[in-house]
Every structure is written in C-alpha cells, then in structure tokens.
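Each remark here refers to the structure printed beneath this line.
Residue numbers (the numbering used here), protein chains in the order written: chain A, 30 to 225; chain B, 114 to 895.
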C-alpha cells in the first residue's frame, strides 16, 4: 500500500466530522435508512457461513429441506454448496449461474440468480426498479420487505422478507400460491483473507 | 405544324404518316393510362428475369418469409460509458415517435421476470417432449441416472420445483434445447452482453412501411440529435428502414449533384451550339414518345415489367438522341437546303443495326433480357419515327453561328494522318490479348446493394453480436402432409446433429427440434412412464417428500395432449419460429425451412448440399450464392449476346460498306475493347451492369461510325457526333460518380466508352469522298 493520498486524508477528515455531527445529534433523530443499511452490509466485503433452505409446497403440505454452506464475495459471486440431501456446488455471478454438474440453466434461471444475488448484497437501487421496499427496525435488528411493482412479477412473487443485524440472517420468499422459500443463514463470519 | 423554313421531303404522304404516328402515340398514352390506373405492374425480384423453374416459386416464398421479420422492425445496439443515462435518453426520444404515430412501439426497458415464462403455457405438453439425451438415458437404465440431476434441481435456490407436475424437470431440459434470445436484462434495460462489451438493446416496430419518408426523416433526426448530445455513445443499427432511408438520402443527394450537373451541362452545350431553347424541347420529344411507345408495347407483350428493364431500357433509348442530333445539326447548318432524303439512309441503317442487336437479344431464353431488348427496340423505333416524321416539321431557326462552329470544329479535329487498317488490327489484337489475360468478373450480391459501407458494417456487427442469421442459408423441406414433414425434419435434424458433433461449425433452427412427430411424441410418453416407475420412487424418497406424490405425478400422464404444429406456432416461443413454416405450398404438399447459421465456406456448402441431396424432399438453398449465380448467368448471357450482336452487325456492315466496313465498326468495337482493356488493367471486374453500359457504347459508337463514313466531308456530321457523345457522356457517364454500385459501373463504362468513341472517330474518317454510297453526295459548299 502506498501512503495515504490527499483524497484519502480528506475523506478521513470528512468522516470524522460526520461522526461528530452524529454524536452531537439527539439519539432519537438518528435515521436508520436503506442507504445506511446497505453501507453497513457493505462493511463486510466477503463472508462465509452455513445455511438451511426450506421450500414449503402448500399444495403438497410438505417441504423440500436442504442445508449446506456458502461463501459470498460482495459484488462478485455467491458459492452455494449444497451438502444435504444431495451434493452440488452452485456459483452465482451477475453474469451467469454455474452448476458444478455442468447442467445448463433453465430459461429465466439467470434472472432468478441475479435477484438472489441482489438480495444478498442489499443492492436496493437495483431492486427498487422492480420492488417497493420498506424498512423497519434498527441497525441491530432490521427487517426489509419487498413487494413487486409489476403485475407480471406479482403473479410469481407476492413478497420477499429479509431480516438481520450485522449480516442478513433470514430471507423468505412468498408466492401467490402459498409456497414459501425460507433461507436461514447462520454461523456467519467475515473472510479475512479476502479483506482489502 | 408545318415549318416556314423547310418542307417535308415528300409532301402529303409524309404529312399523313406524321398524323398517323400522332394517332398511334395518343392511343398508346390512353391505353397506358388505363393499364397503369392501379400502378405499374413491376417486378423487383431479380429472379423474375430468369427462366422459370418449377422449384423457384417455393424458394422465392421461403426467401420472402425468412426476410419478412426484418422489414417492419429495427434494432439499435447502444454502447456507452454512461449506458443507463444514454439509453434512457434514446429510449425516451424514440417513445416520442411512438406518440407521434411514426412507430408502433419501442421495447428497451427490462421486461419482468414472469414475462413469457414457458412454464405457464408449455405445461400440458411436457410429457411428450424429450431431448435425445434424455431418451438415451431412459433407454439405458430406465432413467435411474436422471435421479441425481433431478435432486440437484429440486434443491437449487434458482429453480422453481414442482414435484407433482414435473419432478424431473422434463420441461426445463427440453426448453434448454430450444433457441433462446441472447437479449437479457440488466440495470433495468434490455441488454446484450457479447464479445466482452455490454450493449443496450432498443427494438422498434414501425407503424407503417419502412419506405415512408416522414417516418424515415423523423427517425433519422431523432438519432442525429441523440448522437450530437451523446457523442461518446456508439450506435449500431440494423433493419430495413435504415437501408431504405440511406438509399433515399443518397438518391436525393445524387439527384442534386450528379443529376443537376449533367442536366446543366446538356443545357449549356445545346444552348451554346444551337442558340435556341426550342432545340432542347425537340431533343426530348423523340425520347418521350419512344419511351411511351416502348412501355405500351412491352407491357402489352409481357403483361408485366421488371424494374431493371425499365431503368436500363430507358437508358438504351438514349441512343435515339443520335438521330435527333444528326437531323438537327444538318438542319441548323443547311437551313433551306436541308433534305431528309439525304440523311434517311444513314438514319435507317443506324436504327436497323441497333434493332438487329436487340432482336438477337430477344432470342435468348432469359425473359429479363428479352424484355429489355423488346423495350429498347420498340423505344428506338418509336423515337426514330418521331425524328423522321415530326422533327422536320417543327420550326427551327438556323443560326449562322452553328454552321461556323461546325466548320471550325471540323478543321480543328482533322488529324493529319488516318489510322492504317493494319495498325488498327494490330492494336485490336493487342487489346483482345490483354482482355483475355487480365479481365476478371464479379457477380456478387454487393452489386445490387446500394447501402453505404458503414451501414452494412453496422448490420453485420449486429447480426454477429446477436448470433443471428437473416436466413440467408437454409434447407427447404417438403412432404405430403404435416406428420410426414415432421418426420423428415426430425431425420434431417438428426443428420445435422451428427455432422455438428463431427465438427461442422454450424447451428440450425428447425421446427423438428420443437415439435416431434405424433409417433415420436407417443414414444416419448411411454419413455416418461418408464421414468415415472422406480426412478420416481427413488427421487421422492431421497428428497424427503411423502410417497403419495409419485401417484399424483403419474396421474398427470393420463391426459397429456400431443403438441401439434399449430399449437406450437401459437405459443410465444413458437411465434419466433413462424418464419420457418411455409404451410401448404401446393395441393398435397407442405413445406418448412431449416435455417442455418455459423461458419461459411465452400467446403461447408458442399457438405450441406450433400446432406440435402441424400434425402428426399430436401433442397439446400444459399440465397447469397444463388443471387450471385443468377447475376453471373445474366452476365454471361448478356456477354454472349453482345458478341453475337457484334458479329451480326459486322456482317450487315460488310455487306453495305465492303472494304470500308472497318471504318464503321472501328469506333464502337474499338471503344468496347478500350473499355474492357482499361478494366483489365485497373482491375475493375466485369459485371452485368458495365456490360449493359457497353450496349449503350456500342449503339452510340455504331451510329457515329456510320455517319462518320457516310458524311466524311461534312462538318455537320462531326458536330452531331461530338454533341451526341458529349450529351450521352453527361447523361450516363456522370453516373460513374454515383455511390450505387449498379449505376457506378454503368456510368464508368459509358464514361470511358463514349470518350473512346469520340476520340476514335476522326482517326478512321475516310480521306476521299464516299464512292460506294448509293446516293450521290450533295455538298452544301459546292
């Protein structure tokens, strides 16, 4: 690393000033908004952890349960490693979805993958073009609800809920048919090796 | 109408003939007006010029259908650093054209996920559709090997599993083999990622014809404004509308530069020489009546006209300007002493020799050339009749300046020595040798394509980025009914798959890939029943689902309908393939095309032809190569016919002029050889259009040769020859500067050829007065 540049120093000064302003302001006025949440999530550029995924199928009255671990590098990819009941490595990037088994993605699969990635990133700007986004809670325990804007998308997704604190802990997707996809992320820890 | 200056040669009979001719022309005009009340019945298809062949109409139909999708829509690819803002600006600008009613719609925003989701409408057919890989897997072990893959799919976060309707993901596997659009969504925009670059895609649909000028101008202005506001944005355009607009702009531009320059040139020259605006009008009357006469008779004879016939036929009638100029020069110089009788033999000989050439052309088996020949011959006859019957009766003021000019010009252009015949022969042989050694030919489609290179480059790049083919290569498959056709398509697809697996670098789009035959669909359903036996039980068990799901899944197979071709073509995916289906093409015959894309080479073409030849009802068609072949065929026929016409003319002239015949044929033949030699030396390839230019050179050169020998001592003849080559040079030679290849080649030939005619004439002029002339020469200076 080279020594701090002028811009670097200016930015540090600015954040110091911002911090002073924040401390000076009454605590109740502290606004926790989507931008702040996105910044907070972005503080962890890459992380790894475990997941359980439960897909409840309303018509059958049963569910498809799976579990495994994941690695997430912000802005680049998610590696979704299924361990049970079948082993499969799925890598999602903004451009493609790559299966370990080399199966070709079904049509529309890329779009689902991109949505999944945007949700994990908390990329609200990208999501705002298709969803109404509502935020509740505070920095330690927040909930985000996304509702599709377009009728065509509402026929597929009725709502998506995210909640968490430092990281995203739960992602739940509801369909109009009553099916839900619930993903729980746990044992999450930053990947120090990838930290800049 | 009778002129006070001179009298028609033989009084009342002549006058009566003149009135008769007026009656004929009036009749032609009235008949034409009646015929054309619904517009000109004109062909534009190049193939309409060629002999009819049983298979051609079907190929034409396939060609048209494959090209249709490109007529009423356009596509713009936009690449810019600030892509989202730039695309937004262009998209909004185009939306205003939709509001104005110039465009029907513009698609450029990201479509929603659920748009056109095949799962919504393909559901019921999926149990009868299997990819070859799945068929093989089920044949191998009943489908046990498919269980693992189905499990992975059920638990993928990106999938939407439905364990009852489709536990194995039959539909996804089948859809993955269907052609997919490379256009995707990103940043809320339609996006194409190809070759390491991200482009926005804007697709426009026209509200009307791509040739509508207001729409073209509005679209052009919108894009220009956008480009000025976003100079860094890179636009790639594709669509007929851009080519049509470029063509219209180019035509307007050339009309105002080349057209205006040549018109001004002709006006200045004729005005300078004759000092009378009337001569100009009289110059046009024979051309107009000739064209009228030709149009009426050709239409009457053929029923239809090809646009090419009209364009080149009208140019060939330009030869008739010779008759007018010779007559008018003679009248302007001799005034009262003018006698039509003296000019008539040469005028007649000029006409006969040209018409002989066209009659020879009319005997070829090519309908296009026959039409063109008939048009030109009728036109020349009509113009000649007008010149002979009407012009002498029109008033003409003989300005003494014209006579002085002719005299001075004649002295100025009299070479000290003539060209000896042996030298002419040696030179001719030398040029012939040069031509046979160096001359090349070109029959490529580019000749017919007037679009600017930049637009063609854009078009090629868009097609390449989209990995799309405009349907320029395809198999035409025919069968007695739809089921037989589907079977044939499936067999052809299988053969192509083998060839591709063996390294043939192509891809194809076939209805056979989408719609299996009824028998195949029944077999597929039986295979799925096998798969829904033990493998389904294993899958349900390993997924941890209740066992009764297997029974529910099996129940779905009981009323699985067959996918018919009609069903498929009505689906959103099938609509993309409608262009492949030709439907019933004859009683008891249906047809479809299989469009090919990918690498091109002679070896690949041979392999594809061989595949087609080996199966019944399948033909391989390469539109580009086919049009090239057609152009080549036309060119060779024209060349053969020009050679035959030259031989016939030579015979006719030897019969009349004996030893002096070479002096008559030297200007036309010499000019032809010079044109070909210049082409050979500079590497300009020979094509159908410069050959048609040669016809014009031959006709004008021959008239010049005849008058040069007949009236060797008369300054008026040399003035007329000069004027006719100069005006034709201005009218046709200027086209050499056109950016349209066809016109450019025609013009280039005329430019070189007519200049050569003019330069050759003085060198072969006889020194002594004509003796073989049947009529005694009347010298005005005597």
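Glycine included, C-beta positions come from ideal geometry on N, C-alpha and C.
Between residue 142 of chain A and chain B, is the shortest Cβ-Cβ distance under 7 Å, so that the two count as touching?
Judged by the 7 Å Cβ criterion, residue 142 of chain A is in contact with chain B.
Can you tell me the Cα-Cα spacing of residue 412 of chain B and residue 493 of chain B, whole angstroms?
C-alpha separation (whole angstroms): 16 Å.
Check residue 221 of chain B in the structure and name its three-state DSSP category.
Coil, per DSSP.
Look at the alpha carbon of residue 425 of chain B and the alpha carbon of residue 845 of chain B, and state the distance between them as a whole number of angstroms.
Roughly 11 Å between the two C-alpha positions.
DSSP-derived helix/strand/coil call for residue 186 of chain B
Here DSSP, grouped into helix, strand and coil, assigns residue 186 of chain B to strand.
Residue 209 of chain A at chain B interface by Cβ criterion, 7 Å
Not a single C-beta of chain B is nearer than 7 Å to the C-beta of residue 209 of chain A.
Within the chosen definition, does the segment 458 to 476 of chain B reach the segment 514 to 527 of chain B through at least 3 CB pairs nearer than 8 Å?
No contact exists between the segment 458 to 476 of chain B and the segment 514 to 527 of chain B.
Can you name the residues that DSSP bridges to residue 197 of chain A?
A:193, per the DSSP bridge assignment.
Flag this pair as yes or no: are the beta carbons of residue 189 of chain A and residue 210 of chain A separated by less than 7 Å?
No, Cβ-Cβ distance for residue 189 of chain A and residue 210 of chain A is not below 7 Å.
Any idea what DSSP makes of residue 218 of chain A, helix, strand or coil?
It is a strand residue.
Quick check: what's the CA-CA separation for residue 266 of chain B versus residue 285 of chain B?
Taking the straight line from one Cα to the other gives about 10 Å.
Does any CB atom of chain A fall closer than 7 Å to the CB of residue 598 of chain B?
For residue 598 of chain B, no CB of chain A lies under 7 Å from its own CB, so it is not counted at the interface with that chain.
Uninterrupted beta strand (DSSP E) stretches inside the segment 723 to 766 of chain B (no shorter than 3 residues):
731 to 735, all fully within the segment 723 to 766 of chain B.
Residue from B:837, B:799, B:783, B:187 with nearest C-alpha to residue 540 of chain B
The shortest Cα separation from residue 540 of chain B among B:837, B:799, B:783, B:187 belongs to B:783.
Beta-carbon proximity list for residue 488 of chain B, same chain, < 6 Å, skipping 5 on both sides:
Excluding positions up to five away in sequence, the list reads 407, 411, 422, 426.
Taking residue 259 of chain B as the reference, give the member of B:186, B:545, B:328, B:281 with the closest Cα.
The shortest CA-to-CA distance from residue 259 of chain B to any of B:186, B:545, B:328, B:281 is the one to B:281.
Take residue 144 of chain B and list the residues in its own chain whose beta-carbon comes closer than 7 Å to its own, dropping the five residues that flank it on each side.
Taken in chain order, the residues that qualify are 409.
Could you have a look at residue 177 of chain A and say whether DSSP puts it in helix, strand or coil?
Strand at residue 177 of chain A.
Within the same chain, show all residues whose beta-carbon is closer than 6 Å to that of residue 173 of chain A, passing over the 5 residues directly before and after it, in chain order.
The residues are 164, 191.
Cross-chain neighbours of residue 277 of chain B in chain A, by beta carbon under 9 Å
The contacting residues are 86, 88, 89.
Which residues of chain B have a Cβ atom closer than 8 Å to the Cβ of residue 117 of chain A, listed in chain order?
Against chain B, the beta carbon of residue 117 of chain A has neighbours under 8 Å at 265, 268, 269, listed in chain order.
For a cutoff of 7 Å on Cβ pairs, would you count residue 659 of chain B as touching chain A?
Chain A has a Cβ within less than 7 Å of the Cβ of residue 659 of chain B.
Flag residue 301 of chain B as yes if its beta-carbon sits less than 7 Å from any beta-carbon of chain A, otherwise no.
Proximity of residue 301 of chain B to chain A, defined by a Cβ-Cβ separation below 7 Å, is satisfied.
Proximity below 7 Å, CB of residue 593 of chain B to CB of residue 701 of chain B
Contact annotation: residue 593 of chain B and residue 701 of chain B have beta-carbon atoms nearer than 7 Å.
Taking Cβ-Cβ distances shorter than 8 Å, what residues in chain B pair up with residue 145 of chain A?
The answer, in chain order, is 270, 271.
Span of the beta strand (DSSP E), counted from its first residue to its last, around residue 709 of chain B
Annotation: the continuous beta strand (DSSP E) that includes residue 709 of chain B extends over 702 to 711.
Between the segment 797 to 810 of chain B and the segment 864 to 877 of chain B, do at least 3 Cβ pairs fall closer than 8 Å?
By the criterion of at least three beta-carbon pairs nearer than 8 Å, the segment 797 to 810 of chain B is in contact with the segment 864 to 877 of chain B.
Under the DSSP definition of a beta bridge, which residues are partnered with residue 297 of chain B?
In DSSP, residue 297 of chain B forms a bridge with B:304.
Helix or strand or just coil, what does DSSP make of residue 621 of chain B?
Reduced to three states, the DSSP call for residue 621 of chain B is strand.
Measuring alpha carbon to alpha carbon, tell me which residue in B:668, B:817, B:503, B:544 is nearest residue 395 of chain B.
Checking every option, the nearest Cα to that of residue 395 of chain B belongs to B:503.
With a cut-off of 8 Å, do at least 3 Cβ pairs link the segment 367 to 378 of chain B to the segment 562 to 575 of chain B?
The segment 367 to 378 of chain B is not in contact with the segment 562 to 575 of chain B.
Please tell me whether residue 675 of chain B and residue 631 of chain B are closer than 7 Å, where the distance is taken between their beta carbons.
Between residue 675 of chain B and residue 631 of chain B, the C-beta gap is smaller than 7 Å, which places the two residues in contact.
Beta-carbon proximity list for residue 367 of chain B, same chain, < 6 Å, skipping 5 on both sides
Once the five neighbours on either side are set aside, the close Cβ partners of residue 367 of chain B are 851.
Could you pull out every residue in the same chain whose Cβ sits closer than 8 Å to the Cβ of residue 56 of chain A, ignoring the five residues on either side in sequence?
Note that residue 56 of chain A scores a pLDDT of 40, beneath 50, so its modelled location is shaky; the value from the coordinates is reported in the next line. Cβ neighbours of residue 56 of chain A beyond the five flanking positions: none.
Taking the straight line between their C-alpha atoms, what separation do you get for residue 887 of chain B and residue 774 of chain B?
With a pLDDT of 42 at residue 887 of chain B, under the threshold of 50, the modelled position of that residue is not reliable, and no figure is offered here.
Pair within 7 Å by beta-carbon distance, residue 619 of chain B and residue 538 of chain B
The answer is no: Cβ separation not under 7 Å.
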